[in-house]
Structure formats: C-alpha cells, structure tokens
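According to UniProt numbering, the sequence shown is numbered sequentially starting from 1. Reviewing the structure listed below.
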Amino acid sequence: MIADFLAHWPMWASLAVVCVAIVLYMSDRWPMELVSVGVIAGLLLLFTIPGAYGADGTPVSAVELLSGFGNPALITIMALLVVGQGLFQTGALDGPTKALVGGYEKRPVSTLVLAFLAVFVTSAFVNNTPIVIMFLPVMSAIAKRMNTSQSKLMMPLSFASIFAGMTTLIGTSTNLLAAEAFERIDGRQLGFFDQTPMGLILAGAGFIYLAIFSKFLLPNRRGLSDELAQPSGKQFVAQIEVTFGHFLKGKHPVAGMFVDLPDMTVRMIQRGERAFLPPYEDITLQPGDLVIVAATRAALQNVLARQPDFLQQVWESAGGDLEENSRPGALALTEAVIAPGSRMVGRTVEMLGFRRLTRAVTLGIQRRSRMIRTKLGEIRLESGDTLLLCGPVDAFVDLRSSRDIILLEWSQTEIPLTRRAVAARVIALAMVALAATGLVSILHASVLAAVAMLVVGCVNTRQASRSLDLRIFLVIGSALAMGMALEKTGAAAAIAHTVVDLAAPYGTLAVLSALFLAVAVLTNLLTNAATAILFSPIALSAAAELKVDDPLPFLLAVIYGANCSFATPFAYQTNMLVMGPGHYRFSDFMKFGAPLVFVLWCVFTIFASWRFDL
1 MIADFLAHWP MWASLAVVCV AIVLYMSDRW PMELVSVGVI AGLLLLFTIP GAYGADGTPV
61 SAVELLSGFG NPALITIMAL LVVGQGLFQT GALDGPTKAL VGGYEKRPVS TLVLAFLAVF
121 VTSAFVNNTP IVIMFLPVMS AIAKRMNTSQ SKLMMPLSFA SIFAGMTTLI GTSTNLLAAE
181 AFERIDGRQL GFFDQTPMGL ILAGAGFIYL AIFSKFLLPN RRGLSDELAQ PSGKQFVAQI
241 EVTFGHFLKG KHPVAGMFVD LPDMTVRMIQ RGERAFLPPY EDITLQPGDL VIVAATRAAL
301 QNVLARQPDF LQQVWESAGG DLEENSRPGA LALTEAVIAP GSRMVGRTVE MLGFRRLTRA
361 VTLGIQRRSR MIRTKLGEIR LESGDTLLLC GPVDAFVDLR SSRDIILLEW SQTEIPLTRR
421 AVAARVIALA MVALAATGLV SILHASVLAA VAMLVVGCVN TRQASRSLDL RIFLVIGSAL
481 AMGMALEKTG AAAAIAHTVV DLAAPYGTLA VLSALFLAVA VLTNLLTNAA TAILFSPIAL
541 SAAAELKVDD PLPFLLAVIY GANCSFATPF AYQTNMLVMG PGHYRFSDFM KFGAPLVFVL
601 WCVFTIFASW RFDL
C-alpha cells in the first residue's frame, strides 16, 4: 500500500490539490480569482519537485499546465463576451426582448415557457454559448417584470441550453469528440439523432427539476444592477421640441394620448404664445411646438433609444451656438441633485448656460413639491431638484468635484448606440450561421465577430476590455490546469477503470449506470471535452469485455454523463457566462446543480433498461 502510494504520489498529490481547490471554491471565504491563482501556483510548484512525473514517466511541464490560458474554449468565451457587450451597447436585442416579454403581463407562464423552449430548441442545433448570450437580456427583462432577482432565472437559462446538448449530434462539441472515438475504435458513425430519445427524457426530467426546485434552492440574491433595474416612479418634467423631420411632426392624439410617446404624460403643448392643456382632441403637432411631458427616466431613455435623431435635436437645441454640435460617440444618462446653497438656485437652465458649463444637456427636472406645467427653460431651480443629465461619459467625471450639484454616480448608464443596432444583429447572426453550418469553428466565428464589433463601432475598446471578466479567465484557466494534472498523472484513468471494474460483476445496466455517474462527476471537475475523450475508449472496451452485441449504449452513457455540467461554474462555459449576471457563488452551483446531476443519473438508470433493451 505504502509502496504503491510512493510510486504514484504525483497522482495522489494532484487529487489533493483538486480537492483543496473545490473546498476553497465552495467556502466563498476567499475570492475565486485568488483561489484560482493559488491552484495554478500550487500545481506549478508540485511538478518542480524531483520525481513528480506523469504516468508515462515524462515530466509535466509548466507549458502544459498553463496551456489552458490559450485553450480555444477560453478564447471563445472571451470573444463571445465582447460580442455580447456589443449587442448590449447597441440595444440590438431591445426589440426582440420587448416582443417576447410584451405579453408577460397577460401570459406570464407561457412567456417564460416560450423563452426557455426557444433556448432549448435553438441550442440543440447551434452552439449554445452565443444563444445564452443572446437570451441574457431577455431573462433580465423577464426577471424585472416578475419583480424578482436575476439569480432565479440565469442558472436555469444555462442548464436549459446544456439539456439541448444531449439531444443531437451537434448539440455540443463533446458529442462530436465521442462520435470520433466511436468511429475510430468501432468503425461506426454515430447518427444525428441516435441520442435524441433518451436525451429528450433526460431533458424533460431536468426541466421538471428546474420548475419545482428553482424556487427553493436558488438564491434570491440582488446585486447593485438589480436594485437599479427596479422600476422607479420618479417623474421628470421634460421638453420635446418638434422640428422639421421630427418623429412627432404631424402626429395627433388618440383618445387624448400620443402613441409615439409611450408611458409619458403630456402636460402641455406650447405653440408660440398659446398653451394647450389636456384633454387634447383636435390638435396636430407641427414644427415649432414644444411638448412638455412628465415621464420616468426609463420612458425617456426608451425614446432616445428608439429615436436616435431626437437626441441630436436635443443636443443642438441646448447649445446650437457651440462648435460641438455633433453627437458624441458615447453618451450616458445620470441624475444630479441641486445642492443646498448652490449658485444654481433661483436660476433657470437657460440662464446658467448649463451645457457650456458642464458639457451635459438637461433632459428633465424632477421636483417633489408640486406639478410643473411650464417650459423646461423657464423652471427656476430649487435646492433638492433632481436633474436628468445626458452627456459624454468624461463630462460626468469633471462634475464629481462640483459643489453646486451632487452627482448620483450610481445612477449613470450609457445610452445604447442604436444607429449600429442593425450592424450588431447582422454580426451576431453571421457568427451563429457560420458556426452552425460548420463553415468555420465557433472559435474563428466568435473572434471574427468580436473584431467586427470593434471595427464597426458597436463597442469601443474601453467597453470591450470591461467585458473581459478576469474571474472567468482565471477560473477556467485553473480548471484546465487541474484537468491537465489529473490526465497526465493517470488519476482520471484510474478513477474510470476502478468504476468499471467495481460495476462489472453486477451486469450491463450497472456498468452503464456507473459510467454515467463517474463521467457526470468528473465532467464537473475536468472539462466535458476531456471526460468525453478519456471515457469513450474505456466505455467501448468495457462493452467488448462484457461481450454485448451493441456498444452504442455505452458510448451514449458517456455522452449524457459528460453533458451533466451543472455542479460547478467552470464545468461549462455557459455557467461562467451567467455567474456574473446571476450574482452566483461557487456554492450555489453545488447546491442547485449537484442534486440535478443525481436526478438525471437516477432517470438514466431507470429508463436505460427500457431504451436499450437490457
């Protein structure tokens, strides 16, 4: 026993590092970035010790351990994060999102089911990573409508896309790797829908689990973005000037409401010296009219997003005499409060020359004390008034030191560059089409799409770099390093053979069940690709030893188990994508994902004898 331990001590040391890493990740006592760096440092140190060789007697080099940082999967994830940021910054998904969630109030259950069904069906035929990226804002919008935290929907979103990978040959790259081993060893090709029947059964069981236990096992954790996303009833008084070519020109009210100004209350229409007050009946807006509205910040931002020219007109009307008439490349909205004793008290925005002083346009003014029915430029400011400001991002940096206004920096959001929304949609759809048809790999398609987003201007370099999450980069890199250590030292192979040897005396079904469970456990520690490559030959050799007529069920057990990437965030790339928006911790995946692995194992064991005629 001791001699065997000494002969294979690098294997046991690698297993110890993995176990310690899992415990540290689950404890949430230290940041995941710190644990990841510590794991990498520990493995590098381990294989510098004399005698710390791989199972074949060759040293495990630092290049091999750090190769995960150049892994195509990791580069793909980073590129897809940039693509997702481009879709977000341009508001490219606002239209589809609103169309999907528009019926939530009337049909909340069917809308949610439709969203998950769309993810499932699409992910069965297209790489699920870009699909998850596209549906992140949809789930965020649904969570807002449900008045719940995003943590209740983000992990189910990732899991739904993983379920789809079990149903078709191209569902995930894992399936293709297993199919390649099947053809190489057994000389047979895996059919496109060979895994579909059992895959649908497992997916159905998984969805039932999500529907029942997501309410109890998922955290109701709100981050700052959730708090800011909650609907606010704060009403700003804003002014819209109708000009030639304006989207309101020639519009008239329907039942007293202007349909082109949704969620806004028109308080007054100023035409020259004449003011029109509600109710509005026989009036048609014409150039020169000033429309005074009361609206929430979200309503105003929606108008800006839908009508890019409107912001240009506001920009020019607020300071047409200035040389800087063109719209800046990156604009943001923020709120600012007039400070007590401010020099702005008692003066109007026009008197102050606000844009000249601050390089920001006042879109609206909010005052709690009374309703205001007057032009924006005639409102005399008071202490405590809240201004809704729009301007370049760097303008708000300059306002931090102002003693006249208090900048509410937590409220700052960038305005989507909707002029480039169509370009962003085209780039994203082209990426999905190229990857789905196999013309190029998902790696090439995602990198090309990320570069295209930058070149076209859908996202700038600052926004792109901000989207590259260091935590994702380090966690995946350390996970791949752990997987490399387990493979090189023979630990993974030893676990696989032990499982098969223990289950073989109890029959074919026991071996299938044991294979599924072993792969499902290891796929959450290694990568699903690594487990598929490792276990496919072992499963086929086990089928040969048991002298079964058809080895296909053994290969399918490996495929299904390798797709059970639910118990750790680094088990699959979509888990890492939803970790930030869902505000998840490592332990959340263990709490919600580990029971799901056990449920699918039980379902597979129950239905395998019927499905494969065992």
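Each residue gets a CB set at the ideal place from its N, CA and C atoms; glycine is no exception.
From 187, 211 and 143, pick the residue whose C-alpha is nearest to that of residue 596; which is it?
Along the sequence shown, read from residue 1 onward, the residue named residue 596 stands at position 596. Comparing Cα-Cα distances from residue 596 to each of 187, 211 and 143, the minimum goes to 211.
Report task. Ignoring anything shorter than 4 residues or poking outside the region 391 to 479, list the alpha helix (DSSP H) runs there in chain order. Result -> 393 to 398, 421 to 437, 442 to 456 and 461 to 467
Query - Simplified DSSP state of residue 86, which is helix, strand or coil - result: Taking the sequence shown and counting its residues from 1, one reaches residue 86 at position 86. Looking at residue 86 - three-state DSSP - the assignment turns out to be helix.
Would you mind stating whether residue 67 and residue 156 have Cβ atoms separated by less than 8 Å? To locate residue 67, count along the sequence shown from 1; it is residue 67. To locate residue 156, count along the sequence shown from 1; it is residue 156. No, they are not a contact pair.
Inset, instruction - List the DSSP bridge partners of residue 53. - result: Position 53 of the sequence shown, counting from 1, holds the residue named residue 53. According to DSSP, which records beta bridges pairwise, residue 53 is partnered with 59.
Output yes or no for whether 8 Å exceeds the beta carbon distance between residue 424 and residue 87.
Translated into positions along the sequence shown, residue 424 becomes position 424. Translated into positions along the sequence shown, residue 87 becomes position 87. In contact: residue 424 and residue 87 (Cβ atoms closer than 8 Å).
Point to revise | Any 3 or more C-beta pairs closer than 8 Å across the region 539 to 548 and the region 504 to 512 | key: yes
Give the single residue among 351, 250 and 375 whose Cα lies nearest to the Cα of residue 277. As a working mapping, residue 277 is identified with position 277 in the sequence shown. The shortest Cα separation from residue 277 among 351, 250 and 375 belongs to 375.
Backbone CA spacing between residue 520 and residue 564 [nearest angstrom]
Working through the sequence shown from its first residue, we reach residue 520 at position 520. Working through the sequence shown from its first residue, we reach residue 564 at position 564. In a straight line, the C-alpha of residue 520 is about 5 Å away from that of residue 564.
(Q) Does residue 335 come out as helix, strand or coil in the three-state DSSP assignment? (A) Counted from its first residue, the sequence shown places residue 335 at position 335. Note: residue 335 maps to strand in three-state DSSP.
Within the same chain, show all residues whose beta-carbon is closer than 8 Å to that of residue 183, passing over the 5 residues directly before and after it, in chain order. Here residue 183 corresponds to residue number 183 of the sequence shown, with the count starting at 1. Only 189 and 190 meet the Cβ criterion.
* When we look at the beta-carbon of residue 390 and count the other beta-carbons within 10 Å, is it buried (16 or more) or exposed? -> Here residue 390 is taken as the residue at index 390 of the sequence shown, counted from 1. Flag for residue 390 reads buried.
>> Need the endpoints of the alpha helix (DSSP H) that residue 554 sits in, please.
In response: Against the sequence shown, residue 554 aligns to sequence position 554. Taken as a continuous stretch (DSSP letters only), the alpha helix (DSSP H) holding residue 554 covers 552 to 562.
To which residues of the same chain is residue 167 closer than 7 Å at the C-beta, ignoring the five residues directly before and after it?
-> Position 167 of the sequence shown holds residue 167. 124, 195, 196, 199, 200 and 203.
Given 8 Å as the limit, is there contact between the region 432 to 449 and the region 467 to 476, that is, 3 or more CB pairs closer than that? no
Can you tell me which residues form a DSSP beta bridge with residue 241?
By 1-based counting over the sequence shown, the position of residue 241 is 241. 290, per the DSSP bridge assignment.
| If you run the structure through DSSP and keep just helix, strand and coil, what is residue 364? | If you number the sequence shown from 1, residue 364 lands on position 364. Strand.
Legend entry - Cross-strand partners of residue 274 (DSSP beta bridge): Counting from 1 along the sequence shown, the entry for residue 274 is found at position 274. Residue 274 is bridged to 271.
Original post:
By how many angstroms is the C-alpha of residue 588 removed from the C-alpha of residue 219?
Top reply: Locating residue 219 in the sequence shown gives position 219, where the first residue counts as 1. Locating residue 588 in the sequence shown gives position 588, where the first residue counts as 1. Rounded to whole angstroms, residue 219 to residue 588 spans 7 Å at the Cα level.
Requested in this report: Alpha carbon to alpha carbon, how far is residue 174 from residue 262? Give it in angstroms, no decimals.
Outcome: Here residue 262 corresponds to residue number 262 of the sequence shown, with the count starting at 1. Here residue 174 corresponds to residue number 174 of the sequence shown, with the count starting at 1. The straight-line gap from Cα to Cα measures roughly 47 Å.
Residue 379 to residue 293, Cα distance in whole Å? The count along the sequence shown starts at 1 and reaches residue 379 at position 379. The count along the sequence shown starts at 1 and reaches residue 293 at position 293. For residue 379 and residue 293, the distance between alpha carbons rounds to 14 Å.
Reduced DSSP category for residue 192 - H, G, I as helix; E, B as strand; rest coil
Here residue 192 is taken as the residue at index 192 of the sequence shown, counted from 1. In the structure shown, the three-state DSSP call for residue 192 is coil.
- Task: Let me know if residue 61 comes out buried or exposed under the rule of 16 or more other beta-carbons within 10 Å of its beta-carbon.
- Result: Residue mapping note: residue 61 aligns to position 61 of the sequence shown, counting from 1. By the 10 Å Cβ count, residue 61 comes out exposed.
Point to revise | Reference residue 617; option with closest CA among 609, 604, 525 and 578 | key: The structure shown does not extend to residue 617, since the chain is modelled only from 1 to 614, so the question has no answer here.
With DSSP collapsed to three states, give me the class of residue 229.
Numbered from its first residue, the sequence shown carries residue 229 at position 229. With a pLDDT of only 45 at residue 229, under the threshold of 50, the placement of this residue in the model should not be trusted; the figure read from the coordinates follows. Residue 229: helix per DSSP, three-state reduction.
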